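*Asks:* First the structure, which I've put down as structure tokens, then a few questions once you've had a look.
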Amino acid sequence: MLSNYLNFQFDVQGKPVKGFCMRIQDDFHETYAVVLDGYHSFCVWLDSSSTWRSSKYTSVEPGVLEQIINRLSLSKLA
């Protein structure tokens, strides 16, 4: 399982993205708060069907969200 905190920095279409994810208490799902420089924070979670979901009003480019979920998934495997 991922530790409670994950720093990340990557580029999506030439735009640098820097931030972190922090595990938050949720009785139903594995949930993380995502904080990105230059964006509003949002949550992502792994639902009961093992599908990653994000907050309704997440306003980041799809490539950014995909990179974050990939990093969370890889960290869970490590």
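Here the sequence shown is numbered in my numbering, starting from 101 and rising by one per residue. All C-beta atoms, glycine included, are put in the ideal place defined by N, C-alpha and C. Keep in mind that this is a model prediction, so the values were computed, not measured.
Where Gly130 and Leu146 are concerned, what is the direct C-alpha to C-alpha distance, given to the nearest angstrom?
*Replies:* In the sequence shown, residue 130 corresponds to position 30, counting from 1. In the sequence shown, residue 146 corresponds to position 46, counting from 1. Note on identity: in this sequence residue 130 is Glu, with Gly being the wrong assignment. Approximately 5 Å between the Cα atoms of the pair.
*Asks:* From Gly114, Val164, Val112 and Asp127, pick the residue whose C-alpha is nearest to that of Ser141; which is it?
*Replies:* For the purposes of this step, residue 141 is identified with residue 41 of the sequence shown, where counting begins at 1. That would be Val164, whose Cα lies nearest to the Cα of Ser141.
*Asks:* State yes or no: is the C-beta of Val144 within less than 9 Å of the C-beta of Tyr132?
*Replies:* To locate residue 144, count along the sequence shown from 1; it is residue 44. To locate residue 132, count along the sequence shown from 1; it is residue 32. In this structure, Tyr132 lies closer than 9 Å to Val144 by Cβ.
*Asks:* Using a Cβ-Cβ cut-off of 8 Å (strictly less than) and excluding sequence neighbours within five positions of Ile124, which residues of its own chain qualify?
*Replies:* Here residue 124 is taken as the residue at index 24 of the sequence shown, counted from 1. Thr131, Tyr132, Ala133 and Cys143, listed in sequence order.
*Asks:* Considering Glu161, what are the terminal residues of the beta strand (DSSP E) in which it resides?
*Replies:* Working through the sequence shown from its first residue, we reach residue 161 at position 61. From DSSP, Glu161 is part of no beta strand (DSSP E); its letter is neither H nor E.
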